[in-house]
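One structure is given here, and the rest of the page talks about it.
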Amino acid sequence: MSAGRDGPIGGTTDAPAFDAAHAIAPFLGFAALLRRADFAVAPEQTISWLAAIELLGPAGLGDIRRAAHATLAPPPERAAEFDALFDAHFLGAVEQGLETAPEEEEPSAADDSAGGPEPIFGDDTLESGAEATAAEKLAARRFAVSEDDEVLRGFARAAPARLPRRRGYRFRSARGGQAYDARRMFRDAMRHAGELVSLRWRKRRLRQRRIVVLIDVSGSMKERTQAHLSFAHALARAAASVEVFTIGTRLTRVTRALRLRDREQALAAASLLVPDWDGGTRIGEALNAFLAVPRFSALARGAAVVVLSDGLERGDPSAMRDAVERLSRIAWRIIWLTPLAADTRFEPRTAGLVAARPYLDEIGSGGSLEHICAHVLDLAKARAA
Amino acid sequence: MAVRRTIVGIGSPRELEDALRAAYYLADEELATAAYLALALGKPLLLEGAPGVGKTEAAKAIAGVLGRTLLRLQCYEGIDAAAALYEWNFPRQMLALRQQSEGGEGAKAPVDIYRDKFLIERPMLACLRRPEETMLLIDEIDRSDHEFEAFLLEFLSDFQITIPERGTVRAYERPVVILTSNRTRELHEALRRRCIYHWIDYPAPEREMRIIMMRASGVSERAARAVVAAVGRLRREPLAKRPGIAEAVEWAEAATLLNEQGAQWPQAFRRSLGVVLKDEDDFVHTAPKIDAILAEAQA
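Chain order of the listed sequences is A and B.
All residue numbers for the first sequence refer to the working numbering, where the first residue is 1 and numbers rise by one.
All residue numbers for the second sequence refer to the working numbering, where the first residue is 386 and numbers rise by one.
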């Protein structure tokens, strides 16, 4: 084999490969651009898109755009943004607003998600024996043991039987049910010389539905925060699957702190994690941060979401409305308990709550622990009605 | 990726659009492109949209164009694998065992109770076994639980399912699968990723009018135009149940019928309003505005 022969062959095979790579570069670039703008684009989808473009033998940019919509599947509410990025990328449409819109969103999104990692870091330090010091320090906030103990004890007793449940995917044998348990019956029959002795049944196992509690810790809710955290602690102890977050100006996950057996210790540990006690309220942004972290929003999937907040949103309520709308599509059921609703004929007045109302399954009273416990215990009942 | 350029003689989105029109379904260019790509790339087609924009109709029309039997799997809360895949015909299995033990003479070989005749096919298995003559419609997937959604993933990416007693059943050709969702809840990203996606919106006025003229019998163009304008206006109201295309078609037909029996035009629309608004609250909400809406629509 001579070097002279290798050269030209290498040259000819190289050239088309280089060309192809060159030709698909803009498309790969667009996929990368989409990812930077927070669209979820899987490599598999990019491949489908390229195959689709080849298939359509694109007669124009319209074909490429339609193929992009079909294969990259932007969510309908972001279709306009998607189109703007598409124009910017392929037509070089340098409309300032469109070009910079996703860029501007990025820092604020990052800012939000910064609320995520930080508490998670704090959460982790718990394991290194920090809870002891936490209990001693009570640095951020001191909680006194309240007189609602009896209510919470009653709640813990009632909870296992009354919290909402969902049908699991696995079967268990049962006294009566939806289907024969064929396997068990055959096994029995073998033991009795092929004779069927009794009918056996099986049915789907019930599991407790996950409950996600979002506690408003802003200044306007100052009086209630401790009771709410105590409730969340009782719930976390009583139920198999619970997640607790605090929302204020940021979002903080306090689930692990609340798993501590002793309430005082748990509340103290949680209080250390939350950086924004009694601050302002940006419920919309905090909820959006919750939805933006896939790990967190997955927790709300099919779950019962309980929001403990007065819904006093500063500024434009549209962010809060959109967040609640998205949350309502993910969650099984979402109820909002506000201390303002002491009366049963309560009509929401705060702009945020009025805007979010159509997406809530229920707005109830969060005036006292008793009310909150009753609402949460009735989650399953209310859905059936 | 296996690509088939033509399916039953359809080689481009335009041709599919024409074929669908012949099947009395007016698809826009986006839907035709998405459907064509799904067929050509052998991927499932996910149609999302508000209730009543014609998602299921689209699936039926595509099945008609392909000349395939439509297997419809209606999802509901609590749907499980037995309803979607297969079930063993247990009474028959039992009977076969008894027959064998009592019959005596035919009992040379032990009876295999996991043979085909003891298997009850459900839509997904039926589709895998006869991919070239069937089309699977998984309707209103958003109603099912998320476990069922996860269970669909294996089926939708590999087109195979496993029956423990029998082994794996695989389609020898990529089946045509259409999923629809009303978006009452968000579908999992992993499911969306495996599909070709299309969001069906309410049709543009011009197209909706053509749909009404095509679907309804004996409706005048003027009546159709008025219905489209009024329905378009109603959809912008905050209603509990927004009128879909089927409602628009029915309204045009109902009002025309009343008109033929002597009712004047605005009255004919007004009296047949129950065809469009099917919720007491919506009725109360629109009552003060309805005259203005109808007058505007007729202008």
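Every residue, glycine too, gets a C-beta built ideally from N, C-alpha and C.
- Counting C-beta pairs with one atom in each stretch, the segment 228-247 of chain A and the segment 272-292 of chain A have three or more that are closer than 8 Å, which means they touch.
- DSSP, read as helix, strand or coil, puts B:S486 in helix.
- Secondary structure note for A:H69: its alpha helix (DSSP H) is the uninterrupted segment L61 to L72.
- If you check the CB distance, A:P348 and A:I363 come in under 7 Å.
- If you check the CB distance, A:A159 and A:A240 do not come in under 7 Å.
- By the neighbour-count definition (other C-beta atoms within 10 Å, threshold 16), B:Y410 is a buried residue.
- A direct Cα-to-Cα measurement between B:S602 and A:I64 gives close to 38 Å.
- For A:H69, the chain B residues whose C-beta falls within less than 7 Å of its own C-beta are E415, listed in chain order.
- Under the Cβ criterion of 7 Å, B:E574 is counted among the residues facing chain A.
- Counting along the chain, the unbroken beta strand (DSSP E) around B:M520 starts and ends at T519 to D524.
- Listed along chain A, no residue sits closer than 9 Å to B:L424 by beta-carbon distance, the nearest being about 10 Å off.
- Apart from sequence neighbours up to five positions away, the residues of its chain that approach B:R507 with a beta-carbon distance below 8 Å are L458, A467, A468, A469, L470, Y471 and E472, ordered along the chain.
- With the rule of 3 Cβ pairs closer than 8 Å, the segment 209-220 of chain A counts as touching the segment 303-311 of chain A.
- Secondary-structure assignment with DSSP links A:D216 through a beta bridge to A:I247.
- Counting the other Cβ atoms within 10 Å of the Cβ of B:I464 gives 16 or more, which makes it buried.
- For B:E472, the uninterrupted beta strand (DSSP E) run begins and ends at Y471 to W473, by DSSP.
- Put simply, the CB of A:G194 is near chain B, with a gap under 7 Å to one of its CB atoms.
- Chain B places a beta carbon closer than 7 Å to that of A:P76, counting this residue as a contact.
- With contacts defined by Cβ atoms closer than 7 Å, A:F171 and A:A234 do not form a contacting pair.
- Within the segment 531-617 of chain B, complete beta strand (DSSP E) segments of at least 3 residues are found at 545-548, 552-555, 561-566 and 581-585, given in chain order.
- The beta-bridge partner set that DSSP reports for A:I283 is empty.
- Assigned with DSSP and collapsed to three states, A:Y359 falls in helix.
- Taking each of B:Q478, B:F533 and B:M509 in turn and checking the Cα distance to B:T519, the smallest one comes out for B:M509.
- Contact annotation for B:G437 against chain A: no contact, minimum CB-CB distance about 16 Å [criterion: below 9 Å].
- Annotation: B:H531 to B:P560 spans about 23 Å, alpha carbon to alpha carbon.
- Under DSSP, B:I392 takes part in a beta bridge, and its partners are B:I395.
- Residue pairing for A:K203: DSSP places it in a beta bridge opposite A:R172.
- In this structure, B:A631 and B:F654 do not form a Cβ contact; the two beta carbons are roughly 17 Å apart against a cut-off of 8 Å.
- A check of alpha carbon separations from B:P476 across B:L538, B:L576, B:P651 and B:L504 identifies B:L504 as the nearest.
- According to the DSSP assignment, B:L456 belongs to the beta strand (DSSP E) that extends over T454 to Q459.
- Residue B:L424 holds the alpha-carbon nearest to the alpha-carbon of B:V393 among B:E415, B:L424, B:A408 and B:T418.
- A Cβ-Cβ contact shorter than 7 Å links B:V554 with B:L513.
- Contact between the segment 608-619 of chain B and the segment 443-463 of chain B is absent, with fewer than three C-beta pairs closer than 8 Å.
- Apart from sequence neighbours up to five positions away, the residues of its chain that approach B:D664 with a beta-carbon distance below 8 Å are L624, A625 and K626, ordered along the chain.
- Inter-residue distance for B:A677 and B:K445 is about 37 Å (C-alpha atoms, whole angstroms).
- With a threshold of 16 other beta carbon atoms within 10 Å, A:K222 falls short and is exposed.
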